[in-house]
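Take a look at the structure set out below.
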Amino acid sequence: MSNLATLRYLSQSDLLNLGANHSNSFIEAITEGLTLHANKQFVQPLKPYLRWQGADHIADRIIAMPCYLGGNDPIAGIKWIGSRQHNPKKFNIPRASALIVLNDSETNYPVAVMEGSLISAMRTAAITGVSIKYLAKKDFSDITVIGCGPIAQMQIKTVLEQYAQVKKSIYLM
């Protein structure tokens, strides 16, 4: 019998087929992650920024973002997110792309390699969703979003999915 875990490769299409296009699972995961954070059941070292000559824009970088979460299902992983500000105009691709590698916390063997751009955007939007739950007035109906990129769009999507009272008249600035 082998202790080697099965390594899964998940594309963005795979993630969408698993339900990553709806905020519910992300809200649940972020709530659990914030609880683990509050209980100091995490390790999150400083993230290094990789920059080089000629990559002078603030968005021109690669960031390594490692983390360990404890709790009932401990896991370790890293998000590797690269960004170039000229990508949309020069190459007709999004500014940033990400890859996530998850490791089994007992063996440290990798168990998943996943496309990370969708997860990253949904995770950021889920923070907004959870924040609203605890910080907004209970009867709020309007939101204002400063920005109009993919992250802002995911935040609006999440708010509309989680809070039925929000009017469709949302302001993008």
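Position in the sequence shown counted from 1, then plus 121, gives you my numbering.
The C-beta atom is built at its ideal place from N, Cα and C for all residues, glycine as well.
Shown here, P271 sits in a helix according to DSSP, grouped into three states.
Here the alpha carbon of P169 sits roughly 30 Å from the alpha carbon of K278.
Contact between the stretch 238-258 and the stretch 134-150 is established, with three or more Cβ pairs separated by less than 8 Å.
By DSSP's assignment, Y130 forms a beta bridge with V234. Looking at the DSSP output, R182 shares a beta bridge with S204.
When rounded, the separation of the alpha-carbon atoms in E227 and Q162 is 15 Å. Only exposed fits Q174, as fewer than 16 other CB atoms lie within 10 angstroms of its CB. In this structure, DSSP gives T265 an extended state, which the three-state scheme calls strand. In the structure shown, N224 falls within a strand segment according to DSSP collapsed to helix, strand and coil.
In the structure shown, the three-state DSSP call for P215 is coil.
Across the set C188, Q274, D135, E153, the C-alpha of C188 shows the shortest separation from the C-alpha of P166. Y170 sits in a strand when the DSSP states are folded into three classes. D260 has its alpha-carbon roughly 10 Å from the corresponding atom of A285. Secondary structure of A197 (DSSP, three-state): strand. Judged by DSSP in its simplified three-state form, L139 adopts coil rather than helix or strand.
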